[in-house]
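All you need for our numbering is the position in the sequence shown, starting with 1, plus 90.
Report on one structure; see the data block that follows.
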Amino acid sequence: MAAKDEQVCQIFSFQDCKATPDPLFELPARCLTPSPAPIVIDNGSFQTRAGWASSAAELDTPRLLFRSVAARSRGAARSETQIGNDIPNLEPLRWLLKSQFDRNVVVNFEIQELIFDYVFTHLGVTSEGCVDHPIVVTEAPCNPLHCRQMMSELLFECYRVPYVSYGVDGLYSFYHNSSQRNLQPP
Numbered sequence: 091m092a093a094k095d096e097q098v099c100q101i102f103s104f105q106d107c108k109a110t111p112d113p114l115f116e117l118p119a120r121c122l123t124p125s126p127a128p129i130v131i132d133n134g135s136f137q138t139r140a141g142w143a144s145s146a147a148e149l150d151t152p153r154l155l156f157r158s159v160a161a162r163s164r165g166a167a168r169s170e171t172q173i174g175n176d177i178p179n180l181e182p183l184r185w186l187l188k189s190q191f192d193r194n195v196v197v198n199f200e201i202q203e204l205i206f207d208y209v210f211t212h213l214g215v216t217s218e219g220c221v222d223h224p225i226v227v228t229e230a231p232c233n234p235l236h237c238r239q240m241m242s243e244l245l246f247e248c249y250r251v252p253y254v255s256y257g258v259d260g261l262y263s264f265y266h267n268s269s270q271r272n273l274q275p276p
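Printed below as a string of structure tokens:
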């Protein structure tokens, strides 16, 4: 009874995450042979994760994790756009931040193009005007066909990707985790 009367009060302190600019990775040689490895992009409304689809242990986790926001400074004649972790402090720029999402659906494809540029540049894809790797992109469940059409148009026409695959992030996560733990779907 005495143990029940004693209440343990634990206070946890959380520290703000300091954004550090993402490094520019070099394209791993194993991502080119025998055929180009797919680039996996988890296009989330809060955070974007990107990396290579490879069985190699060092490439199994996402290489890039950054906030899905862009900020363009005002007042400069030629304003530079900063993406994700390249934005040093989000608080003073909060009113300048733009996202490609509106209610979990991609509608601002200019920002989406900037995020794709950021991903491809930081993953080391240096081919001029074209991405020679298949792309796997996550999307929200019940994503409108118009949004998928616009995303496909962006990837095929702007980046000339050879293949695109879309899928729901939760299903991709279940597939990845169940294959590692030998789980069977219900």
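Where a beta carbon is used, it is the ideal one built from N, C-alpha and C, also for glycine.
Within 10 angstroms of the beta-carbon of residue 136 lie fewer than 16 other beta-carbons, which makes it exposed. Along the region 118 to 159, the beta strand (DSSP E) occurs as fully enclosed runs of 3 or more residues at 129 to 133, 137 to 142 and 154 to 157, listed in sequence order. Under a 10 Å Cβ-count criterion, residue 146 is classified as exposed, with fewer than 16 other Cβ atoms of the shown protein chains found around its own Cβ.
With a beta-carbon spacing of about 5 Å, residue 129 and residue 223 fall inside the 8 Å limit used to define contacts. In the DSSP annotation of this structure, the continuous segment of the beta strand (DSSP E) that includes residue 171 starts and ends at 171 to 173.
Going by beta carbons, residue 114 and residue 219 fall outside the 9 Å limit. Under the 8 Å Cβ criterion, the region 177 to 192 counts as touching the region 149 to 162, having at least three qualifying pairs. Here residue 204 is actually not in contact with residue 225; their C-beta atoms are around 16 Å apart, not less than 8 Å. With respect to residue 249, residue 221 sits close: the two C-beta atoms are nearer than 9 Å.
Per DSSP, residue 205 is not a residue of any beta strand (DSSP E); the alpha helix (DSSP H) it occupies stretches across 199 to 212. Residue 141 and residue 154 do touch by the CB rule: their CB atoms are close to 7 Å apart, below 8 Å. Taking 9 Å as the cut-off, the Cβ atoms of residue 231 and residue 260 count as close. By the Cβ neighbour-count rule, residue 122 is exposed, with fewer than 16 other Cβ atoms within 10 Å of its own. Taking 9 Å as the cut-off, the Cβ atoms of residue 143 and residue 119 do not count as close.
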